[in-house]
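Notes for the one structure printed next.
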Amino acid sequence: MKMLRRQIHPVVKVIDEKAGIVEYIASDESLDSYNEIVKADGARFDRFQKNAPFVDSHQYDTIGCCLGAVIDWRVVNRQVIETVKWAIDVGDNLMAHWGFQMTVAGYLKAVSIGFMPVSYVTKWDSNPTAFQSALKDMNVAAGTDVRAVFLEWQQMELSACVIGANPNAVAKAYKAGILNDAALERFSAEHAKRETASITDDPADVLLARQRARERFLLEMQLTIKQL
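133 is the number that my numbering gives to position 146 of the sequence shown; each next residue is one higher, with no gaps.
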């Protein structure tokens, strides 16, 4: 079964700005945009605890996608609360530095869990009793359109929704002075590398594709900045 994702927009709590430590509500039992609910106490961390990666927008192509690590997790009051250490102590990890700066400034709040379902019930099940019981257990209001409830799931990673997923946040950070022109140029170069990562043909073609990807990114940013 493919890995699923669940994104929420929490109130971010910066625990230690100097150390890059932030606390997030990684998941709760609210209805998401897919009309699905993830049961908080169904979270399992057996595989997650071996590495507990904190990554950029569910990307795993290169080590540059790693923004830090989840250093603590717990389930409290039907919420999965996770503490992240951004890799700001790694000088060359520009994504981690920029992402953390935008988090502290309030431009980046969204996080998303990547998980593998273990057990679940759906509204299409032949025996609807378990599905209705799950809805009742989570106090879902009558008439709410719910497709599925994930009763047990293995977390694989936690993502910050930064580049690509939220270009508007990048534009806002630039306009606020958190990112300068040089940072935006380097940002566009990193974005272009990821967008063209699957190209394995002639090096000249790769170079041209990256140049075009950079130009598209910068143009999009310029238009977004003007509209803010």
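Every residue gets a Cβ at the ideal spot worked out from N, C-alpha and C, and that includes glycine.
Values in this document were obtained by computation on a predicted structure and should not be read as measured data.
Asked                                                                                                                            : Found
Bridge-paired residues (DSSP) for residue 145                                                                                    : 41, 100
Cα-Cα separation between residue 106 and residue 131, rounded to whole angstroms                                                 : 21 Å
Chain-order list of residues whose beta-carbon lies under 6 Å from that of residue 51 (same chain, five-residue window excluded) : none
Residue interval of the beta strand (DSSP E) (run including residue 3)                                                           : 0 to 3
Three or more C-beta pairs below 8 Å linking the region 109 to 118 and the region 68 to 84                                       : no
Cβ pair residue 12, residue 136 closer than 8 Å                                                                                  : no
Other residues of its chain near residue 65: CB distance less than 7 Å, five sequence neighbours each side excluded              : 15, 16, 27
Interface flag, residue 96 vs chain B, CB-CB below 8 Å                                                                           : Absent from the structure: chain B. Only one protein chain is present.
Residue 122 classed as buried or exposed, judged by whether at least 16 other C-beta atoms fall within 10 angstroms              : buried
Option in 159, 95, 139, 169 with minimal Cα separation from residue 148                                                          : 95
Residue of 5, -1, 18, 10 minimising C-alpha distance to residue 61                                                               : 10
When 101, 173, 140, 166 are compared against residue 47, the one with the closest alpha-carbon                                   : 101
Outcome for residue 142 when other beta-carbon atoms lying within 10 angstroms are tallied against a minimum of 16               : buried
Of the listed residues 195, 171, 193, nearest to residue 206 (C-alpha basis)                                                     : 171
Rounded distance between the beta-carbons of residue 72 and residue 56, thought under 8 Å                                        : 6 Å
Residue range of the alpha helix (DSSP H) that includes residue 55                                                               : No alpha helix (DSSP H) contains residue 55, which is instead part of the beta strand (DSSP E) from 53 to 63.
Opposing strand residues paired with residue 72 [DSSP bridges]                                                                   : 8, 56
Buried versus exposed, by CB contacts within 10 Å (16 or more), residue 49                                                       : exposed
Nearest-angstrom Cα separation, counted from residue 166 out to residue 160                                                      : 6 Å
Limits of the unbroken beta strand (DSSP E) element including residue 91                                                         : No beta strand (DSSP E) holds residue 91; the alpha helix (DSSP H) holding it covers 81 to 91.
Beta-carbon proximity of residue 29 to residue 139, cut-off 8 Å                                                                  : yes
Span separating the alpha-carbon of residue 103 from that of residue 1                                                           : 28 Å
Segment limits, alpha helix (DSSP H) that includes residue 124                                                                   : 116 to 124
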